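A short worksheet on the structure shown next.
Residue numbers (this note's numbering): 18 to 173.
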C-alpha cells in the first residue's frame with residue numbers, strides 16, 4: 018500500500034506530461050466540448066481518463082503514488098489558473114477567446130464550423146433568448162465557457 022514501484026519523481030513527470038497532453042487536446046477540441054457535455058462527450062471523458070490512468074501511475078497502484086499524482090494535478094491546475102489571472106496572453110492561450118457567431122442577423126458559418134457548433138444548436142440558443150430567427154439577433158457570442166450568449170436587436 019505504501020511501497021512505490023517507480024521513483025516518486027516519475028509520478029511528478031508523468032502527471033505533468035498527462036496534464037499538458039489533456040489540456041492540449043481539450044483546447045483543440047473546442048469550447049463547446051467543455052461547456053455542455055452531451056452523453057457522447059461524457060463517455061469520452063470517462064474513457065480518456067481510464068486510458069490515461071496507467072500512463073500517469075506507471076502501473077503503480079500504491080496509496081502514496083495516487084496521492085503524489087493527485088497532488089501534482091491539483092498544483093498544476095492551481096498554478097495555471099493563477100498564471101492565467103496574471104497574464105492576459107496566458108489566459109487567451111489556455112482558456113481561449115469569445116467568438117462572434119451572429120452579428121446584426123448575419124450568421125458566421127465558418128465560425129460555427131471551426132467551433133463544431135451545428136446550426137441546430139445555434140438555433141436552440143437563439144430560441145432560448147427569444148429570437149425566432151437570426152435576423153432578430155444583434156450579436157450571439159460563443160463564450161470561453163462554451164455557453165452561447167445572445168443579445169437581441171432593439172426594436173424601434
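Every residue gets a Cβ at the ideal spot worked out from N, C-alpha and C, and that includes glycine.
Bear in mind the structure is a predicted one, so any value in this text is a computation, not a measurement.
Starting from the Cα of residue i, find the closest Cα among the options and give me that residue.
i, options, result
"residue 92", "36, 170 and 42", "36"
"residue 163", "122, 64, 148 and 43", "43"
"residue 29", "83, 61 and 139", "83"
"residue 116", "131, 122 and 149", "131"
"residue 120", "98, 154 and 139", "154"
"residue 78", "140, 38 and 19", "19"
"residue 243", "85, 59 and 147", "The shown model of the chain, from 18 to 173, leaves out residue 243, and the question about it has no answer."
"residue 80", "149, 23 and 146", "23"
"residue 134", "152, 159 and 145", "159"
Among all the DSSP beta bridges, which residues are the ones paired with residue i?
i, result
"residue 158", "117 and 166"
Please return the same chain residues whose Cβ sits closer than 8 Å to the Cβ of residue i, not counting the five positions on each side in sequence.
i, result
"residue 114", "161"
"residue 112", "101 and 161"
"residue 108", "101 and 102"
"residue 171", "155"
"residue 32", "73, 85, 86, 89, 90 and 93"
"residue 50", "Annotation note: pLDDT 49 at residue 50 (below 50); position unreliable, coordinate value reported separately. Taken in chain order, the residues that qualify are 43, 58, 133 and 163."
In this structure, does DSSP put residue i in helix, strand or coil?
i, result
"residue 64", "helix"
"residue 124", "strand"
"residue 19", "coil"
"residue 58", "helix"
"residue 112", "helix"
"residue 89", "helix"
"residue 42", "helix"
Who are the near neighbours of residue i in its chain, counting only those whose CB is closer than 7 Å to its CB and skipping five residues on each side?
i, result
"residue 8", "Examination of residue 8 is not possible in this model, given that the chain is present from 18 through 173 alone."
"residue 21", "77, 79, 81 and 82"
Cutting at 6 Å between CB atoms, please list the residues of its own chain near residue i, excluding the five before and the five after it.
i, result
"residue 38", "none"
On the three-pair Cβ rule with 8 Å, is the region 117–135 touching the region 62–82?
no
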